[in-house]
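What follows is a short report on a single structure.
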Amino acid sequence: MFDTVLIANRGEIACRVIRTCRRLGIRTVAVFSEADADAQHVRLADAAYPIGGSRPQDSYLRGDAILEVAKKSGAQAIHPGYGFLSENADFADAVEAAGLVFIGPRAASMRKMGSKAGAKELMQAANVPVVPGYTGVDQSPDLLAREAARIGFPLMIKAAHGGGGKGMRIVRVLDEFLPALESCQREARNAFGRDRVLLERYVTRPRHIEIQVFADTHGSTLHLNERECSAQRRYQKVLEESPSILLTPELRKQMGDAAVAAARAIDYVNAGTCEFIVESDEDGKPTGFYFMEINTRLQVEHPVTELVTGLDLVEWQLRVAAGDALPLTQEQIRQDGHAIEVRLYAEDPEAGFLPGSGKLERLRLPQPDAHVRIDSGVVAGDTVTIFYDPMIAKLIVHDADRASALARLRDALAQCEIGGPKSNIEFLERLVRHPAIVGGTIDTAYLDRHLDEFMPPTEVDRGLLLAAATAQLLAQEAAARGAAAASSDPTSPWAIADGWRLGHASKRDLAFLHRGERLVLAAHGSGGDYRIEHDGTTHVVAGARLDGDDLSARIDGEGRRFTIDLDAQRTVAHDGLRRLRLEPVEVYRRDAGVAGDGGNRVLAPMPGRVVVVKARAGDQVRAGDEVLVIEAMKMELSLKAPRDGRIGEVRAVAGDFVDADAVLVTLETE
């Protein structure tokens with residue numbers, strides 16, 4: 001086994017690899033960018049070295065800098081994690097040429113899978129089912145359009161190199177093909193440095209099933225069963241689970257055998273994932289499966305496989321890379337219970353899942369135990385930067401069966417709270433209660449077709465609002481009592497904090513902001529007994545008690561219990577099913593608004609890099625015309641004209657880095 005391993009990655013996966021290395025007594029070396037100088041993986045590693053600027057191409061994609069650190073630190077092997085250089089065959093070759101071990105597959109195997117087109121041809125030769133399509137080297141737009149017409153619509157355009165849902169477009173009619181092709185090629189070129197694409201027939205009602213494979217240098221190849229990842233939004237996985245309730249024992253064996261055949265076809269070594277599309281009929285029964293690709297690395301969702309098999313896949317990676325044989329045979333692989341994973345992101349689902357950034361003012365996650373696992377690369381006080389994926393944590397649960405695992409997941413999500421950047425917690429809470437998830441019928445396009453079903457309601461739940469107000473009132477009273485006790489007059493009547501003033505009825509006003517809307521309530525009473533007025537209606541709250549995070553009260557005669565997360569910046573109430581997040585504000589403060597300018601400006605929605613400028617001063621545009629494209633958080637954002645008019649100024653060029661709310665284009669005043 002190795003004495004020292006360098007981890008050529010950051011965040012959650014770097015911390016994950018460090019945990020296994022520490023358990024095995026292996027010294028770890030981290031690398032970090034300027035933005036990550038105080039990151040958790042830097043603090044957890046035995047040694048850490050800077051490798052460049054904040055942008056990935058200036059640091060985590062610099063193979064030369066990483067190899068220099070490996071030599072300097074005495075590392076014998078490099079673990080690439082996922083993303084960055086994990087599937088870069090040239091880097092794997094460079095590691096080997098430097099006399100070090102790359103903890104992953106051989107470069108030759110990567111190259112065979114680095115092209116989706118070449119991979120499909122290899123799989124066909126190995127008798128692994130593939131989706132009909134076009135994988136040729138001729139990439140002229142005219143020929144691709146003809147091939148698209150031959151394959152038929154709907155079809156999928158996919159970047160031949162790369163993954164993670166980048167460079168993928170669904171085209172439903174021929175007239176949409178060339179604009180989609182141009183966008184796909186541009187995104188692929190920016191993300192992977194190559195713009196070759198392939199075309200595939202788009203499978204209707206597809207389910208995404210992937211098989212975890214492992215192979216050693218002694219000729220053994222096996223699989224660790226499946227993960228289902230059909231809950232996706234724009235090809236990004238949202239929920240992963242194992243096992244899949246879609247598969248029969250016979251289909252599970254067929255797909256496992258196909259995955260092993262695929263791995264053997266490319267002389268695979270170490271951990272990999274063979275991804276398949278499963279086609280279903282109108283009743284949801286599987287009718288066939290097709291090879292998509294092999295991810296030549298450890299997957300983000302590998303923890304669900306670890307929980308149902310009881311194995312540490314990072315340990316297997318290390319042992320195989322050190323020359324050991326696989327520790328188990330295919331017959332010895334067990335499948336115990338059910339595991340589910342979701343990813344907590346700094347993003348705003350109500351704004352099109354716009355990635356967020358900023359300091360994590362509050363980060364509350366469930367306490368890990370035998371049923372709940374947290375994989376994270378941040379803690380409260382850390383910053384989610386604009387330079388990398390905005391994932392905050394992976395929440396993984398395990399129980400005896402799927403229904404029990406879903407119940408565990410709902411409870412675990414209810415315990416989560418993120419303050420600072422917006423998060424997808426509410427979206428996930430609705431997701432795991434949706435009939436398509438509960439019934440196990442969701443396909444890969446369902447979320448995109450029915451996204452409104454997963455969005456939180458716009459109206460404020462009255463019970464949650466009253467709970468939040470009651471918690472604020474009780475907290476104010478406790479603070480007043482504490483201040484009085486510390487003063488020279490601990491018996492002062494002002495310690496009651498019930499709003500009483502000479503000549504006035506006791507009344508306290510509370511104000512909150514909820515999604516930009518101001519909510520004002522008036523409360524009478526104290527000590528847990530209140531009359532609270534809101535929106536013309538009076539409600540009676542009696543016997544309210546706040547014990548830590550637990551609020552119990554009778555609201556209009558009905559006993560209720562809530563979980564409360566309360567501080568100066570936020571008040572969050574959760575009733576076990578839903579949450580309400582409010583921002584306390586001054587009652588008499590006049591809200592600072594931004595004066596409208598009649599839609600004369602196009603602003604950057606977040607920090608990013610301008611990749612395309614389509615507008616020029618003097619151009620006539622219509623509302624909705626695309627004027628710029630910026631890249632942020634590894635995705636493209638299309639910025640459009642707010643109204644009909646003429647372009648006045650264009651204040652950015654391709655390649656510029658811009659701040660959030662920067663004015664990029666102006667329209668002439670009407």
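Numbering (full-length UniProt numbering), first residue to last: 1 to 670.
Just so it is clear, CB atoms sit at the ideal spot from N, CA and C, and this is done for glycine as well.
- Taking all protein chains in view, the Cβ of Leu-224 is crowded by 16 or more other Cβ atoms within 10 Å, so the residue is classified as buried.
- Residue state for Phe-91 is assigned as helix, using DSSP reduced to three classes.
- Judged by pairs of C-beta atoms under 8 Å, the segment 609-616 touches the segment 648-658, as three or more such pairs exist.
- At a Cβ-Cβ threshold of 8 Å, Ala-632 and Pro-349 do not count as neighbours.
- Rounded to the nearest angstrom, the gap between the Cα atoms of Ala-523 and Leu-577 is 26 Å.
- Taking C-alpha positions only, Ala-37 is separated from Val-384 by approximately 13 Å.
- It is roughly 40 Å from the alpha-carbon of Ser-638 to the alpha-carbon of Ala-403.
- Considering only Leu-24, Val-17 and Arg-19, the residue with the shortest C-alpha distance to Asp-3 is Leu-24.
- Contact between Ala-604 and Leu-664 holds, with the beta-carbon distance rounding to 6 Å and staying under 8 Å.
- Within the same chain, and ignoring the five residues on either side of Asp-661 in sequence, the residues whose Cβ sits closer than 6 Å to its Cβ are Leu-603.
- DSSP places Gln-40 in the helix class (H, G or I) of the three-state scheme.
- Note: Pro-206 is bridge-paired with Glu-279 in the DSSP secondary-structure output.
- For the pair Ala-92 and Thr-296, the Cα-to-Cα distance works out to about 12 Å.
- Bridge partners of His-534 according to DSSP: Thr-537.
- Setting aside the 5 residues that flank it on each side, Asp-509 is surrounded in the same chain by Ala-522 and Val-587, each with a C-beta closer than 6 Å to its C-beta; the list follows chain order.
- Annotation: the UniProt domain "Lipoyl-binding" (592-668) contains the following complete segments of the beta strand (DSSP E) (minimum length 3 residues), in chain order: 601-603, 608-613, 626-632, 635-640, 645-650 and 663-667.
- Cα atoms of Asp-547 and Leu-473: separation of roughly 14 Å, rounded to the nearest angstrom.
- In the three-state scheme derived from DSSP, where H, G and I count as helix and E and B as strand, Pro-286 is classed as strand.
- The residue among Asp-375, Leu-360, Gly-99 and Leu-246 with its C-alpha nearest the C-alpha of Gly-439 is Leu-246.
- Annotated as distal: Leu-307 and Ile-170, with beta-carbon spacing of 8 Å or more.
- With contacts defined as CB atoms closer than 8 Å, Ser-357 and Pro-56 fail to qualify as a contacting pair.
- DSSP, reduced to helix, strand and coil, places Met-1 outside both helices and strands of the structure shown, so it counts as coil.
- Along the segment 107-190, the beta strand (DSSP E) occurs as fully enclosed runs of 3 or more residues at 155-159 and 168-171, listed in sequence order.
- Residue ranges of uninterrupted beta strand (DSSP E) with 3 or more members, entirely inside the segment 14-92 and ordered along the chain, are 27-33, 47-52 and 77-79.
- As for any alpha helix (DSSP H) of minimum length 4 sitting wholly inside the segment 440-485, the runs are 446-449 and 462-485, ordered along the chain.
- Judged by DSSP secondary structure, Arg-518 falls outside any alpha helix (DSSP H) and instead within the beta strand (DSSP E) spanning 517-526.
- Going by DSSP, Glu-200 is part of the beta strand (DSSP E) stretching over 197-201.
- Fully contained in the segment 384-414 are the following alpha helix (DSSP H) runs of length 4 or more, in chain order: 402-414.
- Three or more pairs of CB atoms, one per stretch, sit closer than 8 Å, so the segment 456-468 contacts the segment 566-586.
- Here Val-269 is not bridged, per DSSP, to any residue.
- Around the beta carbon of Arg-579, 16 or more other beta carbons sit within 10 angstroms, so the residue counts as buried.
- DSSP lists Leu-551 as the beta-bridge partner residues of Phe-562.
- The distance from the Cβ of Ala-8 to that of Gly-81 is about 7 Å, consistent with a contact at the 8 Å cut-off.
- Contact check between the segment 188-201 and the segment 260-272: fewer than three CB pairs, one atom from each, fall below 8 Å, which does not count as touching.
- From the listed residues Val-432, Pro-243 and Asp-312, the smallest Cα separation to Ala-339 is found for Pro-243.
- His-218 is bridged by DSSP to nothing; it lacks a bridge partner.
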